[in-house]
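To start, the structure under review is shown below, and the notes come after it.
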Amino acid sequence: MSAPDPLAKLKALSKSSDSNSPFRHETEDAILKKLLDILMRVPTGKELVDKSLKNGTKIKILKGQTEFTFSPETNTLFIGLPAGQTSPKSRMLLYLAMGLEEARQEYEGIKRPNANLPNDQFSRLHMEKQESILYIMCLISYELIKSLGLREILDELAKMGHTKLYKAFELDINEGHVQVKV
Amino acid sequence: MFRDKPTVHKVNWQRLDKSAARHVLEHIATEVDRGLFPEISTEVKCQALDFCKNFMLYRITNYAAMPSFRMDFLADGDNFYYLSGAADPIYNVNKRAPIALREDNILNYLDFFFSNVKSEDGDIYVVRDPSSLPFMSSLPDAQRQELNAHHLKPAIEFDAVQDAYIVKTTMYYAGGLMTAVISVNTSGEIDFSDLQLLLSDMTHYFETRTAEDYYVSA
Numbered sequence: 496m497s498a499p500d501p502l503a504k505l506k507a508l509s510k511s512s513d514s515n516s517p518f519r520h521e522t523e524d525a526i527l528k529k530l531l532d533i534l535m536r537v538p539t540g541k542e543l544v545d546k547s548l549k550n551g552t553k554i555k556i557l558k559g560q561t562e563f564t565f566s567p568e569t570n571t572l573f574i575g576l577p578a579g580q581t582s583p584k585s586r587m588l589l590y591l592a593m594g595l596e597e598a599r600q601e602y603e604g605i606k607r608p609n610a611n612l613p614n615d616q617f618s619r620l621h622m623e624k625q626e627s628i629l630y631i632m633c634l635i636s637y638e639l640i641k642s643l644g645l646r647e648i649l650d651e652l653a654k655m656g657h658t659k660l661y662k663a664f665e666l667d668i669n670e671g672h673v674q675v676k677v
Numbered sequence: 003m004f005r006d007k008p009t010v011h012k013v014n015w016q017r018l019d020k021s022a023a024r025h026v027l028e029h030i031a032t033e034v035d036r037g038l039f040p041e042i043s044t045e046v047k048c049q050a051l052d053f054c055k056n057f058m059l060y061r062i063t064n065y066a067a068m069p070s071f072r073m074d075f076l077a078d079g080d081n082f083y084y085l086s087g088a089a090d091p092i093y094n095v096n097k098r099a100p101i102a103l104r105e106d107n108i109l110n111y112l113d114f115f116f117s118n119v120k121s122e123d124g125d126i127y128v129v130r131d132p133s134s135l136p137f138m139s140s141l142p143d144a145q146r147q148e149l150n151a152h153h154l155k156p157a158i159e160f161d162a163v164q165d166a167y168i169v170k171t172t173m174y175y176a177g178g179l180m181t182a183v184i185s186v187n188t189s190g191e192i193d194f195s196d197l198q199l200l201l202s203d204m205t206h207y208f209e210t211r212t213a214e215d216y217y218v219s220a
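Heads up: the protein sequence lines correspond to chains X and F, in order.
Numbers in my numbering are just positions in the first sequence, counted from 1, shifted up by 495.
Numbers in my numbering are just positions in the second sequence, counted from 1, shifted up by 2.
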């Protein structure tokens with residue numbers, strides 16, 4: 496694959512993003528298709544997507560620099576990509592899985608804690624939810640790497656600051672503490 | 003992350019009171035999912051920009067989401083332009099505000115622009131001082147000295163013919179260091195020329211794979 500001219504890519508920053516909506520990403524459908532096609536090729540990804548379809552979770556690609564967020568009120572997962580960009584980042588596969596895990600928590604009754612709760616209860620509920628989301632992140636990473644050879648996921652985990660966590664997860668698998676399907 | 007810290011986002015945030023925050027949330031609720039910003043867990047704050055008289059930077063953050071979820075807008079209180087990652091919202095505000103660029107705020111404008119307009123190749127920023135770059139300490143002495151010798155401290159001049167500020171500088175782009183000439187016209191539109199690798203043997207700092215490559219291998 497030939498490398499694009501860096502100057503041309505910089506000049507493209509000044510171009511219009513060609514979209515009517517200020518929020519919905521202009522290539523939402525194509526990006527979602529790519530992400531779902533890949534995620535469904537690994538067991539945990541397929542399971543998460545199947546559950547989300549069954550429970551009516553909507554997935555939208557939002558313009559901007561956000562990572563991902565789930566709206567319990569509308570059962571919608573939002574994943575961000577800056578306007579004008581057409582190539583989904585591999586990190587978005589992790590965000591998709593993590594967001595779908597939060598959706599699963601919601602419809603299985605593990606609700607986002609109310610901001611009015613005392614601080615200790617609020618933090619504890621947050622941490623419990625986050626623990627399972629990070630577990631899914633590690634599991635999906637492992638499956639993407641082992642099944643599809645997507646080793647660039649390791650770069651993404653490093654950029655997200657989760658290298659140590661992932662190494663510990665891999666160690667648990669190697670020592671038989673965690674069972675995976677790949 | 004290799005970065006010189008831009009100053010533009012770091013100071014002078016003003017948190018809006020409940021009534022003013024509700025006014026902002028009502029303005030943006032028509033198109034964005036209302037559930038993204040429950041009033042009880044959402045903070046709205048704003049910051050003046052020294053290159054923009056009538057518009058401010060608004061940051062809306064839902065702290066109940068994990069990770070916390072935020073959206074940034076340029077707004078005059080009634081008109082909100084979502085910072086989408088493309089240049090359009092900034093350029094549209096520049097026409098409307100209008101933008102007021104000067105020699106002493108042009109670098110702030112570039113910091114703001116590159117913080118909010120994103121390339122496929124990741125972060126871009128103007129490097130004011132190479133000694134602040136984290137990887138400097140890991141470079142061999144000879145290479146560090148060469149980098150310091152070739153570093154182009156941001157130099158700004160106004161070109162009356164082009165009606166634009168011309169900034170010659172070292173910049174971080176695509177995971178490496180380059181020198182470039184950045185032209186910023188009086189409407190705030192940005193163009194680049196004369197892009198050169200700062201050191202020819204620093205290519206290992208560059209991201210050579212594109213996002214598409216990732217998917218080809220999948």
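Cβ coordinates follow ideal geometry from the N, Cα and C atoms, glycine included.
It should be emphasised that the depicted structure is a prediction, and the values quoted were computed from it without experimental measurement.
Contacts of residue i in chain X (Cβ-Cβ under 7 Å)
| i | result |
| --- | --- |
| V34 of chain F | F518 |
| A89 of chain F | L508, S509 |
| E191 of chain F | S509 |
| S43 of chain F | A610 |
| K47 of chain F | The premise fails here: K47 of chain F is roughly 17 Å from chain X at the closest Cβ pair, so nothing lies under 7 Å. |
| F194 of chain F | L502, L505, K506 |
Cross-chain neighbours of residue i in chain F, by beta carbon under 9 Å
| i | result |
| --- | --- |
| R599 of chain X | None at all; the shortest Cβ gap to chain F is about 15 Å. |
| G594 of chain X | Simply none; closest approach about 10 Å. |
| L649 of chain X | Chain F residues near L649 of chain X: none, gap ~12 Å exceeds 9 Å. |
Alpha-carbon spacing of residue i relative to residue j, whole angstroms
| i | j | result |
| --- | --- | --- |
| T552 of chain X | K546 of chain X | 9 Å |
| G178 of chain F | G190 of chain F | 25 Å |
| F53 of chain F | K20 of chain F | 28 Å |
| I640 of chain X | V544 of chain X | 19 Å |
| V34 of chain F | R61 of chain F | 15 Å |
| A610 of chain X | D193 of chain F | 45 Å |
| Y65 of chain F | D143 of chain F | 45 Å |
| S1 of chain F | K555 of chain X | Chain F is shown only over 3 to 220; residue 1 of chain F falls outside these bounds and no answer can be derived. |
| F160 of chain F | D106 of chain F | 12 Å |
| I535 of chain X | P40 of chain F | A small fix is needed here, since residue 535 of chain X is Met in this sequence, not Ile. Cα-Cα distance, rounded: 32 Å. |
| A102 of chain F | T561 of chain X | 29 Å |
| E542 of chain X | K549 of chain X | 11 Å |
| D524 of chain X | G540 of chain X | 19 Å |
N- and C-terminal bounds of the alpha helix (DSSP H) containing residue i
| i | result |
| --- | --- |
| S21 of chain F | 20 to 30 |
| T658 of chain X | 658 to 669 |
| F116 of chain F | 108 to 118 |
| I92 of chain F | 90 to 98 |
| N64 of chain F | Looking at the DSSP string, N64 of chain F is not in any alpha helix (DSSP H); the run it does join, the beta strand (DSSP E), is 54 to 64. |
| M73 of chain F | Per DSSP, M73 of chain F belongs to no alpha helix (DSSP H); it is in the beta strand (DSSP E), 71 to 77. |
| S547 of chain X | 538 to 549 |
| I526 of chain X | 523 to 534 |
| I126 of chain F | No alpha helix (DSSP H) contains I126 of chain F, which is instead part of the beta strand (DSSP E) from 126 to 129. |
| K649 of chain X | The question names Lys, but residue 649 of chain X in the sequence shown is Leu. Counting along the chain, the alpha helix (DSSP H) containing L649 of chain X begins and ends at 647 to 654. |
Cβ-based burial, residue i [other Cβ within 10 Å; buried from 16]
| i | result |
| --- | --- |
| R5 of chain F | Unreliable positioning characterises R5 of chain F in this predicted model, as indicated by a pLDDT of 39, which lies under 50. A coordinate reading is not provided. |
| M3 of chain F | Bear in mind that a pLDDT of 38 at M3 of chain F, under 50, signals an unreliable position, so the model cannot answer this. |
| M173 of chain F | buried |
| P583 of chain X | buried |
| D74 of chain F | buried |
| S636 of chain X | buried |
| G604 of chain X | exposed |
| S511 of chain X | exposed |
| H657 of chain X | buried |
| R104 of chain F | exposed |
Run of the beta strand (DSSP E) containing residue i, from where it starts to where it stops
| i | result |
| --- | --- |
| S2 of chain F | Only positions 3 to 220 of chain F appear in this structure, which leaves residue 2 of chain F out of reach. |
| V169 of chain F | 166 to 175 |
| E45 of chain F | 44 to 51 |
| L199 of chain F | 192 to 199 |
| K555 of chain X | 553 to 558 |
| M632 of chain X | Premise fails: M632 of chain X lies in the alpha helix (DSSP H), 614 to 643, not in any beta strand (DSSP E). |
| D161 of chain F | 157 to 161 |
| G575 of chain X | 571 to 576 |
| F39 of chain F | That residue, F39 of chain F, is in no beta strand (DSSP E); it is neither H nor E in DSSP. |
Neighbour list for residue i in chain X, Cβ cutoff strictly below 9 Å
| i | result |
| --- | --- |
| P142 of chain F | Going along chain X, no residue has its Cβ under 9 Å from P142 of chain F, so there is no contact; the nearest lies around 24 Å. |
| V169 of chain F | The premise fails here: V169 of chain F is roughly 13 Å from chain X at the closest Cβ pair, so nothing lies under 9 Å. |
Chain X contact residues for residue i, given Cβ-Cβ distances below 8 Å
| i | result |
| --- | --- |
| G37 of chain F | S566, P567, E568, T569, T571 |
| M73 of chain F | G559, T561 |
| Y84 of chain F | P517, F518, K558, G559 |
| D2 of chain F | An answer regarding residue 2 of chain F cannot be provided, because it is not within the stretch 3 to 220 covered by chain F. |
| K97 of chain F | Neighbours of K97 of chain F on chain X: none; closest Cβ ~13 Å, over 8 Å. |
Per-residue contacts from residue i into chain F (C-beta, under 7 Å)
| i | result |
| --- | --- |
| R607 of chain X | A66 |
| S512 of chain X | S86, A88, D90 |
Interface residues of chain F facing residue i [CB-CB closer than 8 Å]
| i | result |
| --- | --- |
| Q625 of chain X | M68 |
CB contact check: residue i to chain C, cutoff 7 Å
| i | result |
| --- | --- |
| G579 of chain X | Judged by its chain identifiers, the structure shown contains no chain C, and its protein chains are X and F. |
Closer than 6 Å: residue i CB and nearest the ligand SAM heavy atom
| i | result |
| --- | --- |
| P567 of chain X | Judged by which ligands are present, the structure shown has none, so any question about the ligand SAM falls away. |
key: Cβ contact check for the region 571 to 590 of chain X and the region 116 to 124 of chain F: 3 or more pairs under 8 Å   = Under the 8 Å Cβ criterion, the region 571 to 590 of chain X counts as touching the region 116 to 124 of chain F, having at least three qualifying pairs.
ask   = Using 8 Å as the threshold, is the region 77 to 95 of chain F in touch with the region 645 to 655 of chain X, meaning 3 or more CB pairs across them?
value = They do not touch, by the three-pair rule.
ask   = Looking at C-beta atoms only, is the number of pairs between the region 38 to 48 of chain F and the region 516 to 523 of chain X that lie closer than 8 Å three or more?
value = Touching, no.
request  = Would you check if the region 527 to 540 of chain X and the region 586 to 605 of chain X touch, i.e. whether three or more CB-CB distances between them fall below 8 Å?
outcome  = Verdict: yes, contact present.
ask   = Should the region 150 to 167 of chain F be called in touch with the region 179 to 187 of chain F, which here means at least 3 C-beta pairs below 8 Å?
value = As far as the Cβ criterion goes, the region 150 to 167 of chain F touches the region 179 to 187 of chain F, which means the pair count is three or higher.
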